[in-house]
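*Asks:* Numbering (numbering that gives the first Met the number 0), first residue to last: 0 to 189. Sharing a structure, written as structure tokens. Questions coming.
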Amino acid sequence: MVSDDPHPSTPSKGDVIPASIRRVSGTPCSDDGLIEMDLIGHPHRYRVRVDTRGAAPKLLELHLVPGTESDAEINPATIRAVPVRRLAAAAARFIGIDELPFAVAGDLPDDDVRRRRPDYRPGARPRDDTHFVYISQLLTRARALGLSPREHVAAEMGVSIPTVDRWIKEAKNRGHLPGDWSNNNGHRLR
């Protein structure tokens, strides 16, 4: 289920098996320990430690643990087949969403908060600074959780990807996003 496509129709080789994700060390809701997960079609389980404080989750530690096939060899081809970004994104999503005992204001987008704003107009296209600050926060939060930022904003706001792209451009013009911000998982961000 955890893949580049936010709504895959069928699981494919290399996708994270959501039911297999669990914490094996460290403090819940923090990035100080190891998160273990299985990938479809991979003979090993993966244990990873990630840094979620940056613009995008970064893999800091990786362990390959023999799965059901205890004689699975670790060779150069095995190492090249490790989907590093997918593992980091799945671990960050687990830490940031699945381990939360409850959501607090500002952690997860709340559609009701937007509706309570005095300047909210259903169907209208808000183009004030408040809107673009909100869009930049949604984009940044989605990237920190390992989600696809553009698709996340499109789903949250109920708009198309081209609309989100226009909002990103305007947020950059207004100074709410850095000029080099892109959907590259934060590699060019400082």
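Heads up, the beta-carbon is just placed ideally off N, CA and C, and yes, glycines get one too. It should be emphasised that the depicted structure is a prediction, and the values quoted were computed from it without experimental measurement.
Would residue 193 and residue 89 be called neighbours here (beta carbons separated by less than 7 Å)?
*Replies:* This structure gives no information on residue 193, because the portion of the chain shown stretches from 0 to 189.
*Asks:* Does residue 168 pass the burial test, meaning 16 or more other C-beta atoms within 10 Å, or should it be called exposed?
*Replies:* exposed
*Asks:* Counting only the same chain and skipping the five closest in sequence on each side, list residues whose C-beta sits under 8 Å from that of residue 22.
*Replies:* Taken in chain order, the residues that qualify are 32, 33, 34, 35, 93, 98.
*Asks:* Counting along the chain, where does the alpha helix (DSSP H) carrying residue 34 start and finish?
*Replies:* From DSSP, residue 34 is part of no alpha helix (DSSP H) but of the beta strand (DSSP E) over 34 to 37.
*Asks:* CB residue 47 to CB residue 58, shorter than 7 Å?
*Replies:* yes
*Asks:* Exposed or buried, which one is residue 72 when buried takes at least 16 other CB atoms within 10 Å?
*Replies:* exposed
*Asks:* Please report how far the alpha carbon of residue 178 lies from the alpha carbon of residue 163, in whole angstroms.
*Replies:* Spanning the two alpha carbons is a distance of roughly 16 Å.
*Asks:* I believe residue 9 touches residue 30 by the beta-carbon criterion, under 8 Å. Please report the beta-carbon distance rounded to the nearest angstrom.
*Replies:* About 31 Å; that fails the 8 Å criterion.
*Asks:* Using a 10 Å radius around the Cβ and a threshold of 16 neighbouring Cβ atoms, would you call residue 152 buried or exposed?
*Replies:* buried
*Asks:* Inspect the beta-carbon positions of residue 13 and residue 42 and report whether they are closer than 7 Å.
*Replies:* no
*Asks:* For residue 62 versus residue 132, is the C-beta distance shorter than 7 Å?
*Replies:* no
*Asks:* Count the other CB atoms, across all protein chains shown, that sit within 10 Å of the CB of residue 145; report buried if there are 16 or more and exposed otherwise.
*Replies:* buried
*Asks:* Taking DSSP as the reference, what is the three-state secondary structure of residue 12?
*Replies:* Taken through DSSP and simplified to helix, strand or coil, residue 12 comes out as coil.
*Asks:* Quick check: residue 91 and residue 56, are their CB atoms within less than 7 Å of each other?
*Replies:* yes
*Asks:* Residue 171 to residue 156, Cα distance in whole Å?
*Replies:* If I take the Cα positions, the gap works out to 19 Å.
*Asks:* Can you give me the Cβ contacts of residue 108 inside the same chain, cut-off strictly under 8 Å, excluding the 5 residues immediately before and after it?
*Replies:* Only weak support is given to the placement of residue 108: the predicted model assigns it a pLDDT of 49, under 50, and the value that follows is read from those uncertain coordinates. Answer for residue 108: 137, 140, 155, listed in chain order.
*Asks:* Can you list, in chain order, the residues of its chain whose CB lies under 7 Å from that of residue 185, leaving out five sequence neighbours each side?
*Replies:* Unreliable placement is indicated for residue 185, whose pLDDT of 44 sits below 50; no coordinate value is reported for it.
*Asks:* Can you tell which of 96, 95, 44 has its C-alpha closest to the C-alpha of residue 82?
*Replies:* 44
*Asks:* Taking only the alpha-carbon atoms, compute the straight-line gap between residue 127 and residue 173 and give it to the nearest angstrom.
*Replies:* 10 Å
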